[in-house]
Amino acid sequence: MREHGILRIIARLLIPLIMLFGLYIQFHGDYSPGGGFQAGVVVAAAWILFVLIYGLDVALKVIPERAMFVLMLFGALLYAAVGVAGVLLGGHFLNFYPLLPGKHAAQQFGIITVELGVGITVATVMMVVFTQFARRRRWLEEAGEELD
Amino acid sequence: MRQRDLFASAMLFAIYSLLSAGLFAVLDAGDVALTEAAVGAGISTLLVLAVLTVARRDERPVASHNLPALIVVVVTGAALIWATLDLPEFGAPDNPVHTHVAPYYIEQAYPDMGVPNMVAAVLASYRSIDTIGETFVILTAGLAVWALLSVRPRRRKPSKPEGNNAP
Amino acid sequence: MALLGHFNYWIVVVLMMIGFYCVIARGNMAKKMMGLNIFQTSVFILFISAGKIIGGSTPILRKGVEVYSNPLPSVLILTAIVVGVATTAVGLALAMRIREAYGTIEDDFIHDDEPAAADEDDR
Numbered sequence: 319m320r321e322h323g324i325l326r327i328i329a330r331l332l333i334p335l336i337m338l339f340g341l342y343i344q345f346h347g348d349y350s351p352g353g354g355f356q357a358g359v360v361v362a363a364a365w366i367l368f369v370l371i372y373g374l375d376v377a378l379k380v381i382p383e384r385a386m387f388v389l390m391l392f393g394a395l396l397y398a399a400v401g402v403a404g405v406l407l408g409g410h411f412l413n414f415y416p417l418l419p420g421k422h423a424a425q426q427f428g429i430i431t432v433e434l435g436v437g438i439t440v441a442t443v444m445m446v447v448f449t450q451f452a453r454r455r456r457w458l459e460e461a462g463e464e465l466d
Numbered sequence: 076m077r078q079r080d081l082f083a084s085a086m087l088f089a090i091y092s093l094l095s096a097g098l099f100a101v102l103d104a105g106d107v108a109l110t111e112a113a114v115g116a117g118i119s120t121l122l123v124l125a126v127l128t129v130a131r132r133d134e135r136p137v138a139s140h141n142l143p144a145l146i147v148v149v150v151t152g153a154a155l156i157w158a159t160l161d162l163p164e165f166g167a168p169d170n171p172v173h174t175h176v177a178p179y180y181i182e183q184a185y186p187d188m189g190v191p192n193m194v195a196a197v198l199a200s201y202r203s204i205d206t207i208g209e210t211f212v213i214l215t216a217g218l219a220v221w222a223l224l225s226v227r228p229r230r231r232k233p234s235k236p237e238g239n240n241a242p
Numbered sequence: 021m022a023l024l025g026h027f028n029y030w031i032v033v034v035l036m037m038i039g040f041y042c043v044i045a046r047g048n049m050a051k052k053m054m055g056l057n058i059f060q061t062s063v064f065i066l067f068i069s070a071g072k073i074i075g076g077s078t079p080i081l082r083k084g085v086e087v088y089s090n091p092l093p094s095v096l097i098l099t100a101i102v103v104g105v106a107t108t109a110v111g112l113a114l115a116m117r118i119r120e121a122y123g124t125i126e127d128d129f130i131h132d133d134e135p136a137a138a139d140e141d142d143r
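Protein chains in written order, with the numbering used here: chain W, 319 to 466; chain D, 76 to 242; chain X, 21 to 143.
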């Protein structure tokens, strides 16, 4: 899609804005609509737009597939680690109060960390899924499949 | 009205998702509207289109109407509409939904954790164990897609000359 | 008012019927997945409309607002949407593999006796 000038320029303007919006709803999610799930899909949507405009090979140079897998597991494990940390510090699983001295500070720390984990997992899972789908056609062509 | 072109149906589906995102925004669920707009109009439509790049773009014509299916659907729908007559009215503040745990969430979320967005508070703290389950479901689904699609397809016929497989 | 009070449920039921019909009457798997998504959205609308209070506002604490809509359905549906797209992706991945193995994503045109269009060896 390199020849489509208008699309490329619009995408170049939009992708950073969408990414920034994703970060905003990730970290401002406590005060306005937002949170990990929303931020994850918004960031993944920006990345998919990047793939559509610049191609999968360039996009995989930005975030290699191995990094996606690591991040995908890291997000879920970060969530679980917050829960386990609560247990180790003397509370129940996923109880945030023992994490920090102040009541509100502990809860906010817990919520932001958990949402970060969710956001990373959701974004990278969507990226992995889209990578698999987008690569399939080329693989099929290389394998000599007749596509209609 | 019947749409055989699957590309057009995917586009109509995207428009439908965007409209339902607007409906969610009207119904006071801003977080849900945000997610639905990104997911429905963006990601799921693109996944359908990705399938359509390898499959036929137009649906095979089938026999005109599927009468048994229509009967099943109409009977189910009629039963459900009958059941809705017992449900509480739309938007009344004393509905059972609003009298159980919701008042606790609305009143205690800010004193408990100092987070004004109650949706985030309920999602990440009160119902945290639910959310960890959902996260692992998403992780598992991602791994399942990877397991299904990361195997390279076998070469069809070794004798087949290269170059006649253009799309 | 009693009649219009159930209007939201009827919309949900109609959307559910459309999605259900797509799932069971159509043979095309891409269309089935779209039907399943419409079905799913109808359930989302049911939950969200149940959480709405007339005169209420978005459940984010701020000054000057007395009545908030119910935050709980938002939470449930928020996670359900993202889980829904993940499961849709699994379904579409299965459809793609079926297309590779049988050459079609139409239910009615899949035949066991034409194994994988000329590649004999099993996968």
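C-beta: ideal position from N, C-alpha, C; glycine also.
Cutoff 6 Å; reference A357 (chain W); Cβ partners in own chain excluding five residues on either side: Your numbering for residue 357 (chain W) matches position 39 in the first sequence. Excluding sequence neighbours, A357 (chain W) sits near G340, I343, Q344 and G437.
If you count every other CB in all the chains shown that lies within 10 Å of the CB of R456 (chain W), and 16 or more means buried, which is it? Here residue 456 (chain W) is taken as the residue at index 138 of the first sequence, counted from 1. Exposed, because fewer than 16 other Cβ atoms sit within 10 Å of the Cβ of R456 (chain W).
Using a beta-carbon distance below 9 Å, is M86 (chain D) in contact with chain W? Along the second sequence, one-based indexing puts residue 86 (chain D) at 11. No - not a single Cβ of chain W is within 9 Å of the one on M86 (chain D).
Using a Cβ cut-off of 7 Å, pull out every chain X residue sitting near T206 (chain D), in sequence order please. On the second sequence, position 131 is the one that residue 206 (chain D) refers to. Here the neighbours are T99.
Nearest chain W C-beta to E126 (chain X) closer than 9 Å, yes or no? Translated into positions along the third sequence, residue 126 (chain X) becomes position 106. It does not; no Cβ of chain W falls within 9 Å.
Close Cβ partners of L223 (chain D) (< 6 Å) along its chain, the five nearest in sequence each way excluded: Here residue 223 (chain D) refers to the residue found at position 148 of the second sequence. There are no such residues.
Specify the secondary structure class of S94 (chain X) as computed by DSSP and reduced to three states. By 1-based counting over the third sequence, the position of residue 94 (chain X) is 74. The answer is helix: DSSP assigns S94 (chain X) an H, G or I state.
Taking Cβ-Cβ distances shorter than 7 Å, what residues in chain C pair up with L367 (chain W)? Looking at the structure shown, chain C is missing, and the protein chains on hand are W, D and X.
List, in chain order, every chain W residue whose beta-carbon is nearer than 8 Å to that of I80 (chain X). Within the third sequence, residue 80 (chain X) is the residue found at index 60, counting from 1. The answer, in chain order, is Y349, S350 and P351.
Would you call the CB atoms of S94 (chain X) and D106 (chain D) closer than 9 Å? As a working note, residue 94 (chain X) is residue 74 in the third sequence. As a working note, residue 106 (chain D) is residue 31 in the second sequence. The answer is yes: Cβ separation under 9 Å.
Could you list which residues in chain X have their beta carbon closer than 7 Å to that of D106 (chain D), in chain order? Residue numbering aside, residue 106 (chain D) sits at position 31 when the second sequence is read from its first letter. Simply S94 and L98.
Buried or exposed (CB count within 10 angstroms, at least 16 for buried), Y179 (chain D): Translated into positions along the second sequence, residue 179 (chain D) becomes position 104. Its Cβ having fewer than 16 others within 10 Å, Y179 (chain D) is exposed.
Give the DSSP-derived three-state secondary structure of I438 (chain W) in the structure shown. The residue you call residue 438 (chain W) lines up with position 120 of the first sequence. DSSP places I438 (chain W) in helix when its eight states are reduced to three.
Using 10 angstroms around the beta-carbon of A130 (chain D), count the other beta-carbons present and answer buried if the total reaches 16, otherwise exposed. One-based indexing of the second sequence puts residue 130 (chain D) at position 55. Buried: at least 16 other Cβ atoms inside 10 Å.
Would you be able to state if there are at least three C-beta pairs under 8 Å between the segment 37 to 48 of chain X and the segment 83 to 100 of chain X? no
Enumerate in chain order the residues of its own chain whose CB-to-CB distance from I56 (chain X) is below 6 Å, with the five nearest sequence positions on each side excluded. Here residue 56 (chain X) corresponds to residue number 36 of the third sequence, with the count starting at 1. Before going further, note that residue 56 (chain X) is Leu rather than Ile in the sequence given. So the list reads V43, once near-sequence residues are dropped.
Just to confirm my understanding: we take L121 (chain D), look at its own chain, exclude 5 residues before and 5 after, and list those with CB closer than 8 Å. What are they? Start at 1 with the first residue of the second sequence, and residue 121 (chain D) comes out as number 46. None.
Taking one C-beta from the segment 76 to 93 of chain D and one from the segment 68 to 77 of chain X each time, how about it: are there three or more such pairs within less than 8 Å? no
Is the beta carbon of G401 (chain W) less than 9 Å from the beta carbon of S203 (chain D)? As a working mapping, residue 401 (chain W) is identified with position 83 in the first sequence. As a working mapping, residue 203 (chain D) is identified with position 128 in the second sequence. Result yes, Cβ atoms of G401 (chain W) and S203 (chain D) sit closer than 9 Å.
Could you pull the DSSP bridge partners for S200 (chain D) from this structure? Counting from one through the second sequence, the residue named residue 200 (chain D) turns up at place 125. Beta-bridge pairing links S200 (chain D) to no other residue.
Should R454 (chain W) be flagged as near chain X, meaning a C-beta pair shorter than 9 Å? By one-based count along the first sequence, residue 454 (chain W) stands at place 136. R454 (chain W) counts as touching chain X.
Measuring CB to CB, does G115 (chain D) end up less than 9 Å from A89 (chain D)? What you label residue 115 (chain D) is simply residue 40 of the second sequence in a count that begins at 1. What you label residue 89 (chain D) is simply residue 14 of the second sequence in a count that begins at 1. With contacts defined as CB atoms closer than 9 Å, G115 (chain D) and A89 (chain D) qualify as a contacting pair.
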